[in-house]
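Peer 1:
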Amino acid sequence: MSETIVKVVVCSGTACYVMGGSELLLLDDHIPAKWKGRVELEGSPCLGFCKDKASGKAPFAMIDGELIPQATIPEILRKIGEKLGDR
23 MSETIVKVVV CSGTACYVMG GSELLLLDDH IPAKWKGRVE LEGSPCLGFC KDKASGKAPF
83 AMIDGELIPQ ATIPEILRKI GEKLGDR
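In my numbering, the protein residues as written are 23 to 109.
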């Protein structure tokens, strides 16, 4: 049985970067030891959601394809915990 891998994509486009996306790129430093190897972090040049006001506000991240507007490290960690079944 393979372990669940959660994919986190952080937008590092200009708007997201200056609105806090730069901090989100340091997510690896905040991942609990028990989740190491189960979270894949990737930066994206731009996810393109800033243009659509209905999507929310920057910074944006995606967790297994689920959009997280106004993303913060605590919010991302909470969502990862949900995906891994470990709140």
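Built from N, CA and C at the ideal position, the CB exists for glycine as well.
#1: Mind checking which residues open and close the alpha helix (DSSP H) that includes L106?
#2: Can you say whether I27 is buried or exposed, counting buried as having 16 or more other CB atoms within 10 angstroms of its CB?
#3: Have a look at the DSSP bridge pairing and note the partners of C33.
#4: Does the beta-carbon of L48 have 16 or more other beta-carbons within 10 angstroms, so that it is buried, or is it exposed?
Peer 2: From the atom records:
#1: Counting from 1 along the sequence shown, the entry for residue 106 is found at position 84. Unbroken alpha helix (DSSP H) run through L106: 95-106.
#2: Here residue 27 refers to the residue found at position 5 when the sequence shown is read from its first residue. With fewer than 16 other Cβ atoms within 10 Å, it is exposed.
#3: Looking up residue 33 in the sequence shown gives position 11. According to DSSP, which records beta bridges pairwise, C33 is partnered with S66.
#4: Position 26 of the sequence shown, counted from the first residue, corresponds to residue 48. That one is exposed.
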